[in-house]
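Residue numbers (our numbering): 216 to 549. Ideal Cβ placement from N, Cα and C applies to all residues, glycine included. Since the model is a prediction, treat every value here as computed from it, not as a measurement. Here the structure is laid out as structure tokens; the discussion comes afterwards.
Written as structure tokens, this is what we have:
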């Protein structure tokens, strides 16, 4: 709640100091982000709050720094793309998603910033942030709320703006492709504790349990190497399955390579399905995969960012996925 603008201004020493937005924020009882949005004319600030901030600026004789104002007008709004420590920044999916965002932000003069790691350590945050790889009790959400920065999730949450591929439905499509081919010994290769991993495992189990399949689940990572190591260790330890659904295409490629190295042929001995629909994967056979519309997800994410900055109601949207048949699924052997 903004404080009384007639409150005592920050004390000054004998040396003349320039009033900053920190001073304005403290005197008005708002965040620095709110002051910044008032300065830049954003419509997301309530009229009463805007009036308080403008009055404090006048009382403190605040004059915006010309260079900063020029920079603000020159670059316009900024958008952050937030990833967690351990996220593969140069993975094919991450690169494609970032390019899809840039295809829309660059022509609009919006600078796209990479925010990797703990947002709490950031001295400055952009106009809005897109969050990748949401986890339970994700600390980034609290940090952005505290600093009054609009957020859009690549994932789903009832309290936030979000967009996500139909992970659960897509996993069900992938698993049905395997069970319809007669497979009843199934492996799910997951990606840890992310929302994506939980949704894709839920879709997998839904179909597997319907046909009473024997199920193995293994935690993995995101990369080809993660998939390779996980599947090779499991096979050498005696785990057996006739079909594998990997939560990412990269893991699927790693799984296929591991199976080949232990003398198992794909798809004759083990069928493999991935998820993402990534192009140009290093696999001799065309991978059967669930393709998500990365360009559409990026487009909707940016629409939601604009809605957030304009103060529109919170909403979310699932983007349909589709099964892309390849050469890595065959009928189960008798």
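Taking a C-beta distance under 9 Å as the contact criterion, residue 520 and residue 534 do not qualify as a contact pair. In the structure shown, residue 349 adopts coil according to DSSP, grouped into three states.
In the displayed model, residue 486 falls within a strand according to three-state DSSP. Nearest to residue 378 by alpha-carbon distance, out of 505, 511, 239 and 234, is 511. The alpha carbon of residue 366 has as its nearest neighbour, out of 380, 388, 438 and 340, the alpha carbon of 340.
If the five residues before and after residue 405 are omitted, its C-beta is found closer than 8 Å to the C-beta atoms of 412, 415, 416, 432, 433, 434, 435 and 462, all from its own chain and listed in chain order. In summary, residue 454 is exposed, with fewer than 16 beta-carbon neighbours lying within 10 Å of its beta-carbon over all protein chains present.
Using a Cβ distance threshold of 9 Å, residue 536 and residue 382 count as a contacting pair. Rounded to the nearest whole angstrom, the CA to CA distance from residue 517 to residue 385 is 23 Å.
Scanning its chain for C-beta atoms nearer than 6 Å, with the 5 sequence neighbours on each side dropped, one finds around residue 398 the residues 457, 458 and 547, in chain order.
With distances taken between CA atoms, residue 323 lies nearest to 292 out of 292, 336, 311 and 297. Residue environment analysis places residue 499 among the exposed positions, since fewer than 16 neighbouring C-beta atoms fall within 10 angstroms of its C-beta. In the same chain as residue 545, and ignoring 5 residues on each side of it, the C-beta atoms closer than 8 Å to its own belong to 396, 482, 483 and 486, in chain order. Judged by DSSP secondary structure, residue 525 falls outside any beta strand (DSSP E); it is assigned neither H nor E.
Taking 9 Å as the cut-off, the beta carbon of residue 327 is found closer than this to the beta carbon of residue 294. A check of alpha carbon separations from residue 490 across 528, 464, 471 and 448 identifies 464 as the nearest. In the structure shown, residue 457 adopts coil according to DSSP, grouped into three states. Within its own chain, the residues whose Cβ lies closer than 6 Å to the Cβ of residue 330, once the five positions on either side in sequence are excluded, are 295 and 297, listed in chain order. For the pair residue 239 and residue 272, the Cα-to-Cα distance works out to about 6 Å. A residue is called buried once 16 or more other Cβ atoms fall within 10 Å of its Cβ, and residue 344 is buried on that count.
Judged by DSSP secondary structure, residue 262 falls within the alpha helix (DSSP H) whose first and last residues are 262-274. Between residue 357 and residue 509, the beta carbon gap of about 28 Å keeps them out of contact (Cβ cut-off 8 Å). The Cβ neighbour count for residue 262, taken over all protein chains shown within 10 Å, is under 16; the residue is labelled exposed. Bridge pairing for residue 531: 377 [DSSP]. Around residue 446, the same chain offers 470 and 473 as residues with beta carbons nearer than 6 Å, after the five sequence neighbours per side are excluded.
For residue 464, the uninterrupted alpha helix (DSSP H) segment begins and ends at 464-476.
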